[in-house]
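>
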Amino acid sequence: MSPLCESYLTADLLDARESFYPLKVWICHRCLLVQINDYVSAEDIFTEYAYYSSFSTSWLQHASDYVDAMTDRLGLNEESFVVELASNDGYLLQYFVERHIPCLGIEPSVNVSQAAVAKGVPTDTSFFGRVKAEQMASAGQLADLVLGNNVLAQVPDLNDFVAGIPRILKPSGTVTIEFPHAVRMIEENQFDTIYHEHFCYFSLASAEAIFAHHGMTIFDVEELWTHGGSLRIYARHTADESRPLTQRLLDLRQREIDGGYRDVATYAQFEEQVRETKRALLETLSDLKRRGKTVVGYGAPGKGNTLLNYCGIRTDFIDFTVDRNPYKQGRYLPGTHIPIHAPERIDEVKPDYVLILPWNFKTEILEQLAYAREWGAHFIVPIPTASIV
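Going letter by letter, the sequence shown gives residues 682 to 1070 in my numbering.
(1) For Lys970 and Ile999, what's the separation of their Cα atoms in angstroms?
(2) Which residues in the same chain as Val836 place their Cβ atom closer than 6 Å to its Cβ, once the five residues preceding and following it in sequence are excluded?
(3) Alpha carbons only, please: which of Arg698, Tyr1008, Leu933 and Val763 is nearest the one belonging to Val902?
(4) From the DSSP secondary-structure annotation, give me the bridge partner or partners of Asp805.
(5) Can you tell me where the beta strand (DSSP E) holding Ser911 begins and where it ends?
(6) Figure out for me which residue from Thr965, Arg943 and Pro1039 has the closest Cα to the Cα of Ala1085.
(7) Contact between the region 1008 to 1015 and the region 1039 to 1048: three or more CB pairs below 8 Å?
(8) Among the residues of its own chain, which have a CB less than 8 Å from the CB of Thr965, if the five just before and after it don't count?
(9) Got a sec, what are the start and stop residues for the beta strand (DSSP E) Phe951 sits in?
(10) Determine the contact status of Phe900 and Asp825, defining contact as a CB-CB distance below 7 Å.
(11) Would you say the region 920 to 933 touches the region 888 to 900, given that touching needs at least three Cβ pairs under 8 Å?
(12) Check Gly985 in the structure and name its three-state DSSP category.
(13) Identify the residues that DSSP records as bridge partners of Cys881: which are they?
(14) Considering only the alpha carbon of each residue, which of Ala946, Leu1050, Leu695 and Ala814 lies closest to Arg848?
(15) Is there contact here, the region 1019 to 1032 with the region 985 to 999, by at least three beta-carbon pairs under 8 Å?
(16) Do Ala863 and Phe892 have their C-beta atoms within less than 7 Å of each other?
(17) Quick one: is Asn758 buried, meaning 16 or more other Cβ sit within 10 Å of its Cβ, or exposed?
(18) Where in the region 974 to 1050 do unbroken runs of the beta strand (DSSP E), each at least 3 residues long, occur, reported from the N-terminal end onward?
(19) Which value, in whole angstroms, describes the spacing of the CA atoms of Glu889 and Ala1058?
(20) Quick one: what does DSSP say Met817 is sitting in, helix, strand or coil?
(21) Could you tell me whether the Cβ atoms of Lys800 and Gln822 are closer together than 7 Å?
(22) Can you tell which of Tyr702, Thr855 and Pro789 has the C-alpha that lies nearest to the C-alpha of Gly756?
(23) State the DSSP-derived secondary structure class of Glu859, mapped to helix, strand or coil.
(24) List the DSSP bridge partners of Glu779.
(25) Considering Cα atoms alone, identify which of Ile1064, Pro684, Cys709 and Tyr720 is closest to Ala886.
(26) If you follow the beta strand (DSSP E) that Asp901 is part of, which residue opens it and which one closes it?
(27) Assuming Gly771 is part of the beta strand (DSSP E), what are its boundary residues?
(28) Taking a contact to mean a Cβ-Cβ separation below 7 Å, would you say Ala844 touches His895 in this structure?
(29) Regarding Leu826 and the ligand ATP, is the C-beta to nearest heavy atom distance less than 6 Å?
(30) Could you check which residue in Arg698, Asp770, Lys959 and His879 has the C-alpha nearest to that of Pro1065?
(31) Taking 7 Å as the limit between beta carbons, can you name the residues of its chain near Leu963, skipping five residues before and five after?
(32) Can you say whether Gly1011 is buried or exposed, counting buried as having 16 or more other CB atoms within 10 angstroms of its CB?
(33) For His879 versus Ala834, is the C-beta distance shorter than 7 Å?
(34) Terminal residues of the continuous alpha helix (DSSP H) containing Ala692?
(35) Given Val798, which residues of its chain have a CB within under 6 Å of its CB, disregarding the five upstream and five downstream residues?
(36) Measure from the alpha carbon of His918 to the alpha carbon of each residue in Ser790, Ile717, Thr857 and Glu779, then state which is nearest.
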């Protein structure tokens, strides 16, 4: 049972009733899509959203590198048109704006889309799907490049969302979509990436199935470091045969087959792996607390709330956590009610141990907290299993 991972609480709500929902993962025997039940609507989750992409330095660099690569690979210029689906606070499109390449962000969350507009990124505050795509196509908004980073998992009606993409794509246009790789999630026990905001989890096989169903072919793929291991797929209209399947796509497809990821039984092993990860983290924290050590958290990501609620970690283990996002500061984590402070709080308290909740950014965070070495602080990385740095 878990609360909505991005529903951060203000102090006046700490004694109010809080909604929890079952967090169970399923797999489709036919298309191998890993998914959870749809308990809440996208409107409930995304109309006001607590995640701002621009607060991660390494993620901004990832976005900037992507814009450089796509501009060169596709020959984008001032006559091109780029559309990003779920464009958040303009973290990526700002680099297209700097290059004077026309672009448009489609972002359903009012607060983050306002932040994008404030930095000069054209943004339409809407949910994307068939209807929105038809409106854009009728207005002549056809794109040379349609991109979406970490959005495919977050749409409850996957068919409606993907069906809209070819409608706004030029005949020779390119689609790139990034998402955490379900294979890496399973192999590295990344269970905290599962939460109600993420409706689906993709292998290459399941991604190929959904895009083929809507007249598109995935012709290339890159394996990325982001979010503990992601895929960036490249897709085109199936009718556009100018770009054949690449060898790295064929190689990854075969690796998934060889690893058993076309067999439902492989996925069933995940449950016990997750339970053992929980046991290891609780043993580590229990030992530290019994020895009188102070432990705080770093970060307040959605994945951290899955981790903390599943493991039953509250202020009996962690005094507080910190986050660079001012929206979260002064609030409390859902379910566990751990207070969130500004990062400077760590320097004031000088804890013995810091639990890194956004472990996928651990390198960046360790650099940010290098000053904590002055008092001998250690860091706990919870995934794939609890380890102390």
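Using N, Cα and C, we set each Cβ at its ideal position, and we do this for glycine too.
Based on what the coordinates show:
(1) 9 Å
(2) Phe842
(3) Leu933
(4) Ile787
(5) Ser911 to His918
(6) Residue 1085 is absent from the structure shown; the chain starts at 682 and stops at 1070.
(7) no
(8) Ile1061, Ala1067 and Ile1069
(9) Premise fails: Phe951 lies in the alpha helix (DSSP H), Phe951 to Arg971, not in any beta strand (DSSP E).
(10) no
(11) yes
(12) helix
(13) Gln716
(14) Ala814
(15) yes
(16) no
(17) exposed
(18) 976 to 979 and 1034 to 1037
(19) 45 Å
(20) helix
(21) no
(22) Thr855
(23) strand
(24) According to DSSP, which records beta bridges pairwise, Glu779 is partnered with nothing at all.
(25) Cys709
(26) Met897 to Leu905
(27) Counting along the chain, Gly771 falls outside any beta strand (DSSP E), and DSSP gives it neither H nor E.
(28) yes
(29) As presented, the structure is devoid of all ligands, the ligand ATP included, so that no description of it is given.
(30) Lys959
(31) Cys992
(32) exposed
(33) yes
(34) No alpha helix (DSSP H) holds Ala692; DSSP gives it neither H nor E.
(35) Thr804
(36) Thr857
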